[in-house]
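According to my numbering, the sequence shown is numbered sequentially starting from 1068.
One structure below.
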Amino acid sequence: MAEREVLHIKGRVLAGPQDVADELWVVGGRITYDRPAAEADATITGWTLPGLVDAHCHVGLDAHGAVDRATTEKQALEERAAGTLLARDAGSPSDTRWIDDREDLPKIIRAGRHIARTRRYIRNYAHEIEPGVLTAYVRQEARRGDGWVKLVGDWIDREVGDLTACWPKDALSEAIAAAHEEGARVTAHCFAEDSLADLVEAGIDCIEHATGLTDETIPLFAGRGVAIVPTLVNIATFPALAVGGETKFPRWAVHLRRLHARRYETVRNAYDAGIAIYAGTDAGGSLAHGLVGEEVAELVKAGLPAEAALSAATWGARGWLGRDGLTEGAAADLVVYDADPREDVRVLAAPRRIVLRGTVVG
Ligand SMILES: [Zn+2]
1068 MAEREVLHIK GRVLAGPQDV ADELWVVGGR ITYDRPAAEA DATITGWTLP GLVDAHCHVG
1128 LDAHGAVDRA TTEKQALEER AAGTLLARDA GSPSDTRWID DREDLPKIIR AGRHIARTRR
1188 YIRNYAHEIE PGVLTAYVRQ EARRGDGWVK LVGDWIDREV GDLTACWPKD ALSEAIAAAH
1248 EEGARVTAHC FAEDSLADLV EAGIDCIEHA TGLTDETIPL FAGRGVAIVP TLVNIATFPA
1308 LAVGGETKFP RWAVHLRRLH ARRYETVRNA YDAGIAIYAG TDAGGSLAHG LVGEEVAELV
1368 KAGLPAEAAL SAATWGARGW LGRDGLTEGA AADLVVYDAD PREDVRVLAA PRRIVLRGTV
1428 VG
């Protein structure tokens, strides 16, 4: 491997919400706060954050299902250009394991392939199965992934004409216990209200979207330590989805509009109750990649303090996923901005410099 540059990063290094340093160095691709003997090859000045985390996106997937390697690479590079250097892939039918060997692409934490009830999800995305084999599929995807399993917890039920819960509680309890035995955490896609209590009581670790949280379920999540990834940039598409489906499913359309109308209040109430919130965009299905900065801005709009919204895409998210931030000896994955993101998180939209594994990539 070629010898890597020594970089000097100075200005304000935001290693944590209350942990600010004046400078750090990158030596051999790793972070150090001790000035090296060697002269720096380059100096970058600005406000530095750990590489951003998109805690819910999909790589190797588009609106129709799995995509080829060239398209997958393009998606990963779009994330990188936005400063997303760590992605939690919330379900993909593609085998993207090859990305792990690419030093120039963001790191990915996979949840295997989505597990959905038969005909209760987007075509070509999921293993579509019945509750009797849920545990077996959860074990299989736990072994394929990187510590997460993704369920589809609710979806439109065409006979009912509305969102309904997909799984009986006893099947969930057995399957989630099996995932935990395999060393994996479990998360579920949930838009509506009625699947949430069962999933939490069955031991789930996280809920994606979570637009259906109410005054009844918020304390349950807070009490059990269940995190949420609201994906507000995706929830913004609910009104358009409602227009598209309302002739066939009027009840569903009304339901989506109601969930959308109270989305900021839901996230704010969850935050106030102490529920852990992480920034995810849901890019890769129908949404473009590279929107994590917009999602952080949406979290602020919902009422999170700037530090909390930043933490949801940096320090907090990295800790939750078991990955290093800007700590001594960690791989140098960082993003430098022109201005203080704590003053205005919208600076995340325009990184000045992006450093991945110690190499300047943007
Ligand atoms: Zn998703």
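Every residue gets a Cβ at the ideal spot worked out from N, C-alpha and C, and that includes glycine.
Note that the structure is predicted; figures quoted are calculated from it, not measured.
- In terms of residues, what are the limits of the beta strand (DSSP E) holding glutamate 1090? Locating residue 1090 in the sequence shown gives position 23, counting from the first residue. That run of the beta strand (DSSP E) goes 1086-1094.
- Validate contact between the region 1311-1328 and the region 1283-1298 using beta carbons, cut 8 Å, 3 pairs: no
- Message: If you follow the alpha helix (DSSP H) that glutamate 1267 is in, where does it begin and where does it stop?
- Response: Residue mapping note: residue 1267 aligns to position 200 of the sequence shown, counting from 1. For clarity, residue 1267 is valine in the given sequence; the question names glutamate instead. Start and end: 1263-1268.
- Alpha carbon to alpha carbon, what distance is there between leucine 1201 and tyrosine 1188? Locating residue 1188 in the sequence shown gives position 121, where the first residue counts as 1. Locating residue 1201 in the sequence shown gives position 134, where the first residue counts as 1. Those two C-alpha atoms are separated by around 15 Å.
- Message: Using the three-state DSSP reduction, which class does proline 1117 fall into: helix, strand or coil?
- Response: Counting from one through the sequence shown, the residue named residue 1117 turns up at place 50. Three-state DSSP puts proline 1117 in a strand.
- Query: What are the start and end residues of the alpha helix (DSSP H) that includes threonine 1231?
  - Reply: Residue numbering aside, residue 1231 sits at position 164 when the sequence shown is read from its first letter. Run containing threonine 1231: none in the alpha helix (DSSP H); it sits in the beta strand (DSSP E), 1229-1232.
- What residue from Ala1397, Thr1254 and Arg1079 has the CA that sits closest to aspartate 1403's CA? Here the question's residue 1403 lines up with position 336 in the sequence shown. Strictly speaking, residue 1403 in this sequence is valine, with aspartate absent from that position. Here the closest residue by C-alpha is Arg1079.
- Item | Classification of proline 1286 by the beta-carbon crowding that lies within 10 angstroms, buried from 16 upward | Counting from one through the sequence shown, the residue named residue 1286 turns up at place 219. Exposed, since its Cβ has fewer than 16 Cβ neighbours within 10 Å.
- Task: Using DSSP bridges, identify the partner residues of valine 1205.
- Result: For this step, residue 1205 is matched to residue 138 along the sequence shown. Answer by DSSP bridge pairing: none, since valine 1205 is not bridged.
- Can you name, in chain order, every residue of its own chain whose Cβ lies under 6 Å from the Cβ of glycine 1083, other than the five neighbours on each side? Working through the sequence shown from its first residue, we reach residue 1083 at position 16. Cβ within range, chain order: Trp1382.
- Endpoints, alpha helix (DSSP H) assigned at tyrosine 1404: Numbered from 1 along the sequence shown, position 337 holds the residue referred to as residue 1404. Here tyrosine 1404 belongs to no alpha helix (DSSP H); instead the beta strand (DSSP E) covers 1401-1404.
- So, isoleucine 1182 versus lysine 1217, is the Cβ gap smaller than 8 Å? Position 115 of the sequence shown, counted from the start, is the residue given in the question as residue 1182. Position 150 of the sequence shown, counted from the start, is the residue given in the question as residue 1217. Taking 8 Å as the Cβ cut-off, isoleucine 1182 and lysine 1217 qualify as a contacting pair.
- Grouping DSSP H, G and I as helix and E and B as strand, with all else coil, what is leucine 1377? Within the sequence shown, numbered from 1, the residue matching residue 1377 stands at position 310. Helix.
- Message: According to DSSP, is leucine 1393 part of a helix, a strand, or is it coil?
- Response: The sequence position of residue 1393 within the sequence shown is 326, counting from 1. Coil at leucine 1393, not helix or strand.
- Identify whether valine 1450 lies in helix, strand or coil by the three-state DSSP scheme. Nothing can be reported for residue 1450: it is not among the residues displayed for the chain, which extend from 1068 to 1429.
- Query: With 16 other CB atoms within 10 Å as the buried threshold, where does arginine 1164 fall?
  - Reply: Here residue 1164 is taken as the residue at index 97 of the sequence shown, counted from 1. With fewer than 16 other Cβ atoms within 10 Å, it is exposed.
- Query: With 16 other CB atoms within 10 Å as the buried threshold, where does histidine 1131 fall?
  - Reply: Counting from one through the sequence shown, the residue named residue 1131 turns up at place 64. Label assigned to histidine 1131: exposed.
- Query: What residue range is occupied by the uninterrupted alpha helix (DSSP H) comprising leucine 1366?
  - Reply: On the sequence shown, residue 1366 is found 299 positions in, with the first residue counted as 1. Unbroken alpha helix (DSSP H) run through leucine 1366: 1359-1369.
- Beta bridge counterpart(s) of threonine 1099 as assigned by DSSP: The residue given as residue 1099 occupies position 32 in the sequence shown. Answer is Trp1092, bridged to threonine 1099.
- Selection from Ile1243, Glu1226 and Gly1228 that minimises the alpha carbon distance to tryptophan 1234: Position 167 of the sequence shown, counted from the first residue, corresponds to residue 1234. It is Ile1243.
- Nearest-angstrom Cα separation, counted from alanine 1193 out to threonine 1185: Here residue 1185 corresponds to residue number 118 of the sequence shown, with the count starting at 1. Here residue 1193 corresponds to residue number 126 of the sequence shown, with the count starting at 1. Distance between the alpha carbons of threonine 1185 and alanine 1193 is about 9 Å.
- Message: Considering only their Cβ atoms, is the gap separating valine 1296 from valine 1123 smaller than 8 Å?
- Response: Indexing the sequence shown from 1 puts residue 1123 at position 56. Indexing the sequence shown from 1 puts residue 1296 at position 229. This sequence places histidine at residue 1123; valine is not what is there. Taking 8 Å as the Cβ cut-off, histidine 1123 and valine 1296 qualify as a contacting pair.
- Query: Out of curiosity, what's the CA-to-CA distance linking alanine 1245 and glutamine 1142?
  - Reply: The residue labelled residue 1245 in the question sits at position 178 within the sequence shown. The residue labelled residue 1142 in the question sits at position 75 within the sequence shown. So the two alpha carbons sit approximately 32 Å from each other.
- Taking arginine 1174 as part of the beta strand (DSSP E), name the residues at either end of that continuous run. By 1-based counting over the sequence shown, the position of residue 1174 is 107. One detail in the question is off: residue 1174 reads as lysine in this sequence, not arginine. Its beta strand (DSSP E) spans residues 1174-1177.
- Residues in its own chain within less than 6 Å of valine 1414 by CB, not counting five upstream and five downstream? Locating residue 1414 in the sequence shown gives position 347, where the first residue counts as 1. Closer than 6 Å at Cβ, skipping near neighbours: Tyr1404, Ala1406 and Pro1408.
- Go to histidine 1075, then tell me how far its beta strand (DSSP E) extends in each direction, as first and last residue. Along the sequence shown, read from residue 1 onward, the residue named residue 1075 stands at position 8. Where histidine 1075 is concerned, the enclosing beta strand (DSSP E) stretches over 1074-1083.
- Task: Please state whether DSSP places leucine 1153 in a helix, a strand or coil.
- Result: The count along the sequence shown starts at 1 and reaches residue 1153 at position 86. In this structure, leucine 1153 counts as strand in the three-state DSSP scheme.
- Task: Kindly identify the DSSP beta-bridge partner or partners of isoleucine 1196.
- Result: Residue numbering aside, residue 1196 sits at position 129 when the sequence shown is read from its first letter. DSSP lists Arg1184 as partners of isoleucine 1196.
- Query: Nearest-angstrom Cα distance between tyrosine 1100 and leucine 1388?
  - Reply: Residue numbering aside, residue 1100 sits at position 33 when the sequence shown is read from its first letter. Residue numbering aside, residue 1388 sits at position 321 when the sequence shown is read from its first letter. If I take the Cα positions, the gap works out to 24 Å.
- Item | valine 1253 - DSSP class collapsed to helix/strand/coil | Residue numbering aside, residue 1253 sits at position 186 when the sequence shown is read from its first letter. The answer is strand: DSSP assigns valine 1253 an E or B state.
- Message: Considering only heavy atoms of ligand 1 and the C-beta of each residue, which residues fall inside 5 Å, strictly closer?
- Response: Ala1157 and Asp1349
- Item | Runs of beta strand (DSSP E) lying entirely within the region 1283-1359, each at least 3 residues, in chain order | 1294-1296
- Query: Should isoleucine 1421 be labelled buried (16 or more other beta-carbon atoms within 10 Å of its own) or exposed?
  - Reply: What you label residue 1421 is simply residue 354 of the sequence shown in a count that begins at 1. Answer is buried; the Cβ neighbour count reaches 16.
- Evaluate phenylalanine 1288 with the Cβ neighbour count: other Cβ atoms within 10 Å of its Cβ, from every protein chain shown; 16 or more gives buried, anything less gives exposed. As a working note, residue 1288 is residue 221 in the sequence shown. Per the 10 Å Cβ criterion, buried.
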